[in-house]
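Before any comments, here is the structure.
Numbering (my numbering), first residue to last: 113 to 204.
This is how it looks when you write it as structure tokens:
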């Protein structure tokens, strides 16, 4: 009776630091060994996924090109501003 109020206190095992070392059972462990794991493919979902890859790639490409146009435009505006400021400094 190691507790202050007279109750037994269980000490953790050496090296376990009080953590639960037992692992949770997996779903594969519940399956009988003679039963095979079956994987089913839905052809419609597969086709949608595969065609979606191309569509998503095209969308990314279009977005990237649009963003590049915006960045190029901003760069032009900034270079014009710099040229204008340089011209104004030469005049003054």
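Backbone N, C-alpha and C fix where the C-beta goes; we use that ideal spot for every residue, glycine too.
Suppose the cutoff is 7 Å on Cβ atoms and the five residues either side in sequence are ignored; what does the same chain contact list for residue i look like?
i           : result
residue 151 : none
Measuring straight from C-alpha to C-alpha, what distance separates residue i and residue j?
i           : j           : result
residue 200 : residue 192 : 12 Å
residue 175 : residue 190 : 23 Å
residue 165 : residue 183 : 27 Å
residue 156 : residue 185 : 43 Å
residue 187 : residue 181 : 10 Å
residue 179 : residue 168 : 16 Å
residue 148 : residue 173 : 43 Å
residue 154 : residue 177 : 35 Å
residue 195 : residue 203 : 12 Å
The alpha helix (DSSP H) with residue i in it runs from where to where?
i           : result
residue 154 : No alpha helix (DSSP H) holds residue 154; DSSP gives it neither H nor E.
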